[in-house]
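Below you'll find the structure, written out as structure tokens, and then a few comments.
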Amino acid sequence: MSKEETEKAVGRKADSANARVGKRSANGGHLETDVLKLLPQEPASTPSAKRKIGIHTSTSGGVHTAAERAWRLGCNTFQVFSSSPRMWKPFQLSRQQCEEMMRMRDTYGIEPVAIHVSYLVNLASQTDEFYEKSIAAFRGEVERGLALGAEYLVLHPGSYRGLTREQGLDRAAAGIERAVQGLDLGSSCNFRILIENTAGAEFSLGGSFEQVAELLERLRPHAPMGACIDTCHSHVAGYDIVSEEGYEQTMRHLGETVGTENVRVWHCNDAKAERGSKLDRHEHIGRGSIGIGMFRRLLNDPRFKRAAFIAETPVDEPLDDLMNVNVLKDCSHS
71 MSKEETEKAV GRKADSANAR VGKRSANGGH LETDVLKLLP QEPASTPSAK RKIGIHTSTS
131 GGVHTAAERA WRLGCNTFQV FSSSPRMWKP FQLSRQQCEE MMRMRDTYGI EPVAIHVSYL
191 VNLASQTDEF YEKSIAAFRG EVERGLALGA EYLVLHPGSY RGLTREQGLD RAAAGIERAV
251 QGLDLGSSCN FRILIENTAG AEFSLGGSFE QVAELLERLR PHAPMGACID TCHSHVAGYD
311 IVSEEGYEQT MRHLGETVGT ENVRVWHCND AKAERGSKLD RHEHIGRGSI GIGMFRRLLN
371 DPRFKRAAFI AETPVDEPLD DLMNVNVLKD CSHS
């Protein structure tokens with residue numbers, strides 16, 4: 071399905087959904103966007119046979135419901151929060167929820183699954199109280215990831231405001247090491263912590279591939295590690311991934327630092343802001359300053375044939391998530 075055909079099909083489904091749930095209400099109510107209510111109980115499109123393609127998915131109604139949402143969107147991978155991303159107190163996952171998640175994944179053939187760590191966690195914090203809370207919260211993320219059978223746990227390294235960059239790297243590495251002490255993360259465990267590159271804002275760790283590589287090197291003795299590379303973050307941090315020549319140079323640099331074999335997940339997001347702006351603002355695939363060409367190159371790059379490609383794009387209108395998944399699928403066939 072071409073991009074134009076995808077957008078027309080999604081438009082028809084969105085129009086139908088709008089008719090069912092009504093327009094935006096006068097008192098500021100929002101249109102329904104939950105795919106469990108908008109899509110029939112079958113995949114909206116066929117999962118990709120060539121690549122692992124998915125999207126960050128809601129856990130409303132219980133974390134196990136994310137697998138159903140992903141399947142209905144035609145995904146064969148997905149990402150979730152295992153708890154509220156903006157609250158310290160974690161959700162309590164029941165054994166039944168965890169078992170149901172794994173059962174549904176087996177039924178639908180969905181793998182891998184990534185969990186994104188809460189935005190509150192800052193393992194480079196100079197404040198001891200916040201640092202200790204972050205270590206405890208991160209350990210909880212690892213424990214929930216293991217209970218859910220997730221393959222990956224994606225972490226933003228943190229902000230070192232008030233410290234030097236070297237002190238921030240030391241603090242983040244030590245915090246992760248402490249958080250995983252005593253947990254069974256041996257060679258038999260199919261679980262990895264993925265360090266995500268960031269948009270390069272001041273005091274933010276991970277704004278360069280070198281910093282991601284350094285954290286991986288420091289942490290390998292303590293936990294199974296890998297990397298998650300975000301297309302929007304790379305672009306606004308200053309890497310040229312848009313031009314064909316720039317893309318090749320950037321991927322060679324990624325290979326020389328992080329190692330392409332260590333990139334287990336790509337966060338596929340277009341960017342609202344320009345290259346080098348340091349502004350982390352995600353846009354729909356092909357509609358931002360990165361453009362569709364880069365995603366076609368990425369989804370067909372043999373160096374990443376074993377990676378998962380997961381969108382974190384906005385849902386501004388009903389079924390925007392379906393649109394972005396289908397655009398990525400279309401890119402993989404270009």
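Going from the sequence shown to my numbering is simple: count from 1 and add 70. Think of the CB as a built atom: it goes at the ideal place given N, C-alpha and C, for glycine as much as any other residue.
| Asked | Found |
| --- | --- |
| Using alpha carbons as the reference points, say which of Phe374, Ile185, Asn192 lies closest to Val150. | Ile185 |
| Measure the CB-CB distance between Phe279 and Trp336 and report whether it falls below 8 Å. | no |
| DSSP three-state call for Val306: helix, strand or coil? | helix |
| Identify whether Glu272 lies in helix, strand or coil by the three-state DSSP scheme. | coil |
| From which residue to which residue does the beta strand (DSSP E) around His323 run? | No beta strand (DSSP E) contains His323, which is instead part of the alpha helix (DSSP H) from 314-327. |
| When DSSP builds the beta bridges, which residues end up paired with Met171? | For Met171, which the question treats as bridged, DSSP gives no partner whatsoever. |
| Hey, Leu233 and Gln196: beta-carbon distance below 8 Å or not? | yes |
| Which of the three DSSP states is assigned to Asp386 in this structure? | coil |
| Mapping DSSP to helix, strand and coil, what is Glu181? | coil |
| In the structure shown, what three-state DSSP assignment does Ile123 receive? | strand |
| My guess is that Arg366 and Ser313 are in contact by the Cβ rule of under 8 Å, so how many angstroms apart are they, rounded? | Not quite, the Cβ-Cβ distance comes to about 13 Å (not below 8 Å), so this is no contact. |
| If you check the beta carbons only, do Asn339 and Ala381 fall under 8 Å apart? | yes |
| Run through DSSP, which three-state label would Gly262 get? | Correcting the residue type first, residue 262 is Arg in the shown sequence and not Gly. Note: Arg262 maps to strand in three-state DSSP. |
| Among Leu275, Gly228, Arg214, Ala269, whose alpha-carbon lies nearest the alpha-carbon of Tyr189? | Gly228 |
| In angstroms, rounded to a whole number, what distance separates the CA positions of Tyr317 and Asp310? | 6 Å |
| Given a cut-off of 8 Å, decide if Ala242 and Ala206 are closer than it, judged by their beta-carbon atoms. | no |
| Can you find the residues in the same chain that come closer than 8 Å, C-beta to C-beta, to Glu284, ignoring five residues on each side of it along the sequence? | Leu239 |
| Look up Ile380 in the DSSP assignment and say whether it is helix, strand or coil. | strand |
| Under 7 Å Cβ to Cβ from Ala114, same chain only, skipping five residues before and after it: list those, please. | Arg142, Leu143, Gly144, Leu392 |
| Would the beta-carbon of Arg165 be found less than 7 Å away from any heavy atom of the ligand GDP? | Of the ligands one can find in the structure shown there are none, so the ligand GDP has no counterpart to examine. |
| According to DSSP, is Asp340 part of a helix, a strand, or is it coil? | strand |
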